Amino acid sequence: MPAESRSRQEDGRPGAGGSPGRIGRRRRWLAAVVVCLLSMAPYGGVTRLGFVDYDDTRTVSENPSARSGLSRAGLVWAFTSIENSNWFPVTRLSHLLDVSLYGMRPAGHHVTSVLIHGLASGLLVLLLARYGFPTQAALFGGLIFGVHPLHVESVAWISERKDVLCALFVLLTLLSYDRWRRGGPRAWLHAAILCHLLALMSKPMAVTVPCVLLLLEVWPYGNGWQEVLSWRAGDGSRKPVRAVRALAALSPLIALSLASALLTLAVQEAGGAVKHGELFPVLRRLANAAVSYGFYVGKTILPVRLAVGYPFPTGGVPAVPAALCGILVLAVSALAVALSRRRRGWLLTGWFWFVGMLVPVLGLPQIGWQARADRYMYLPMIGLLILAGGAAGACRSRVSRFPRWVGPCAAAVVVCALAALCSAQVRVWQDSMSLFTHAVRVRPDSHIAHANLGAVLQTRGDLDAALVHYEQALRVCPFLSGVWANAGLAREAKGDLAQAETAFREAVAIEADHPEATVGLLRVLSRQERPREVAAMGKDVGPLLFLHPEVGFLVGTALLRLGQKRAECWLQIHVADRPEHVAALSNLGLAQLNNGKAAEAVQALRSAVDVDPCDIDVRSNLGRALAALGDAHAAEEEFRRGAELCGASRRKAELLANAGAMAWEEGVRDRARSLWEQAIELLQRFPDRDLEHALRERLRQ
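Residue numbers (the working numbering): 127 to 827.
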């Protein structure tokens, strides 16, 4: 594609090209460095931030694969894992590098994100300058981008590293394409394709970049959409439509975006992230998308009362705001198309940059429970900055009565105000408690905030406060299986087994394969001595064994109490995963003993004794197994050791009675009588008439 838009001398009009001279280039690079440094200033407090229990733990701090750093296992995880229902290997590689450099010290991880954000802000200055904005306007746009509070979520949240990385590669894509588009060698187009691939591997939101590059044919590379679609050149000769040539050049980037979109949908479908969309009808999602445009414009202009995660309104989107926002979006879109014919191409490009880049995150295919998020504006905000810069340039040529210093002073005030708000918002991310307490204060109706704050309080042991927030979350949205499960765990920890059972059943009713809820329900039923119900549930939870081997112990124990032979199989599955679980080994031994496998039972019970030599139940069961095997001497020894571990109790009397029976079988009658007499003496204090009567009968023999 020939270069049709060469750089021209700066004249204050966006789209006019950048200054070609060395002084102009130095000025732009100096502005980029200044913006890079100033953009990092409000984030000076990130070194005091920690990991938050909002994906940070499972992504980095408690993820075994991530904790391995740049190792073979870590690299395999980075390129093959689809955790969190996404595939972004470049982002995961950045986390592995951080772990190798800083270990598990969160300050280093935060500094990396801030550095990438600062670099992206500086690149934006260069990009705006190449699109024809005066250096001062480009500097101001970069500063707004760098210190805007809406970007705090992307920068201060370690798990959202994908935002800043994706933006960095998107800006490199645009700069590389611009160099090629303005007559540079074809290597710059190849660089743009590579950077686009890296952006997609950082976060799939970059799928809209080819559309942005097509918009650039209208402005700054052209003089309106009519020129882009025209078959005639300026000299009247016929030539291929510019849009067709642009599509041909962009075909590799379009193919990469389509592949990324299909892969992302498949991964999210496999991870169950898309199923939440079934709860929200299409019309409700469209209404929410319309309101979202108004929300993001409003938060860009007045970034206050920001919170992590704005939940999808479960009661429906108000019709009037949705209609007004939809009409406004359509009206501005029509105006942008109309005015682009009057050399106002920056209006069309800026507006549709904003509108188009938000499409993947508007919830049209609903992912998760949130309708909007601050981080979604990281790249779309550039479109609004183009609009603001173009409007300022157009107004400046018509307003000459104000002194020249008024504009820079007003810009400085705006930047300082945004930087102060940004710094305050950074402190919100100090830890999980601070983050979700702020979210609840800002959005009291947010079930996302209440659910996460409840989880933090539960982790800290404040179960009553956690349950209050769980109840509030479920009052707003009763379809949260995870919250029901957490409430069940809190109730169980408090000993309220009946309400815990109710909560677990609610969670299972919403999500039949919810692992924590299913295991919790099995555990509660087991603690309530209801083995038949546990055994009945065991018929339907087979797949859970691979993730939660505790199921094998619970179901196996229930089957053991019911005297069923299948208990052995369930307990063996559990012991294979947890070979040092004493209770499971003990129950496995009993199950094998009941199935006539005395030798295998002795082996399992001896393994349990090796783990915990002071477990009385294990000693007693081992004695029974040895007796069944015919080793009376060893059986007596185990019963006596068990009795030595007991204080004065009926249980000790039973063990002494069993030891005496083994001594009698060995033919050592005096020792047997002595043991029985000790047992009878204990039974005077802890009566058991049947056992006492049987022992006295034996003594008369």
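We put the CB at the ideal spot given by N, CA and C, even for glycine. Computed from a predicted structure; not experimentally measured.
Is it buried or exposed, PHE812, if we count other Cβ atoms within 10 angstroms and call 16 or more buried?
exposed
Throw me the rounded Cβ distance for the GLY176 and ASP557 pair, which I believe falls under 8 angstroms.
The pair is a contact, with the Cβ atoms about 5 angstroms apart (cut-off 8 angstroms).
DSSP-derived helix/strand/coil call for PRO275
helix
Cβ-based neighbour list, LEU301, same chain, cut-off 8 angstroms, excluding 5 preceding and 5 following
Correct list, in chain order: LEU249, LEU252, LEU253, ARG256.
PHE205 classed as buried or exposed, judged by whether at least 16 other C-beta atoms fall within 10 angstroms
exposed
Which residue wins for smallest C-alpha separation from VAL237, given the options MET166, VAL634, ALA246, VAL178?
MET166
For ALA372, which three-state DSSP category applies?
Looking at ALA372 - three-state DSSP - the assignment turns out to be helix.
Using the Cα positions of LEU164 and ASP571, report the straight-line distance between them to the nearest angstrom.
36 angstroms
Buried or exposed: GLY682, going by 16 or more other Cβ atoms within 10 Å of its Cβ?
GLY682 comes out buried.
Taking the runs of the beta strand (DSSP E) that are 3 residues or longer, which of them lie wholly in the stretch 553-617?
none
Closest Cα partner of LEU716 within the set THR217, ARG766, LEU685
Taking only the C-alpha atoms, the option nearest LEU716 is LEU685.
For ALA730, collect the residues of the same chain with a Cβ closer than 7 angstroms to its Cβ; drop the 5 residues on either side in sequence, then sort them by chain order.
The answer, listed in chain order, is LEU711, LEU714, GLY715, GLN718.
Which parts of the stretch 244-298 are runs of the alpha helix (DSSP H), unbroken and 4 residues or longer, counting only runs that do not cross its ends?
261-273, 278-282
Measure how close the beta-carbons of ALA727 and ALA709 come, nearest whole angstrom, since I'm counting them as under 8 angstroms.
Not quite, the Cβ-Cβ distance comes to about 15 angstroms (not below 8 angstroms), so this is no contact.
Return the first residue and the last residue of the beta strand (DSSP E) that ARG498 is part of.
Taken as a continuous stretch (DSSP letters only), the beta strand (DSSP E) holding ARG498 covers 496-498.
Do ALA633 and SER652 have their CB atoms nearer than 7 angstroms?
Between ALA633 and SER652, the C-beta gap is not smaller than 7 angstroms, which leaves the two residues out of contact.
What are the boundary residues of the alpha helix (DSSP H) that LEU817 is part of?
815-826
For ILE742, the first and last residue of its enclosing alpha helix (DSSP H)
In the DSSP assignment, ILE742 falls within the unbroken alpha helix (DSSP H) covering 742-755.
Under 7 angstroms between the Cβ atoms of ILE574 and GLY442?
no
Which parts of the stretch 618-702 are runs of the alpha helix (DSSP H), unbroken and 4 residues or longer, counting only runs that do not cross its ends?
Entirely contained in the stretch 618-702, the alpha helix (DSSP H) runs reaching 4 residues are, in chain order, 623-636, 641-653, 657-664, 676-687.
Have a look at ARG617 and GLN625 and give me their C-alpha separation to the nearest angstrom.
6 angstroms
Does DSSP put PRO447 in a helix, a strand or coil?
PRO447 sits in a helix when the DSSP states are folded into three classes.
Just how far apart, CA to CA, sit ASP500 and ALA635?
33 angstroms
Taking GLY515 and PHE259 to be in contact with their CB atoms under 8 angstroms, please state how far apart those CB atoms are, rounded to whole angstroms.
5 angstroms
Burial state of ALA460, where buried means 16 or more other Cβ atoms lie within 10 Å:
Around the beta carbon of ALA460, fewer than 16 other beta carbons lie within 10 angstroms, which makes this residue exposed.
Is the beta carbon of ALA537 less than 7 angstroms from the beta carbon of PHE266?
yes
Quick check: the stretch 471-479 against the stretch 405-425, are at least 3 beta-carbon pairs closer than 8 angstroms?
no
Could you give the C-beta distance for GLU676 and VAL650, rounded to a whole number, given that I count them as a contact under 8 angstroms?
GLU676 to VAL650, Cβ: 13 angstroms. No contact.
Quick one: grab the DSSP three-state call for PRO506.
coil
Quick one: Cα of ILE284 to Cα of THR440, how far?
29 angstroms
Alpha carbon of GLY268 to alpha carbon of VAL161, nearest angstrom
6 angstroms
In whole angstroms, what separates the C-alpha of SER733 from that of GLU764?
14 angstroms
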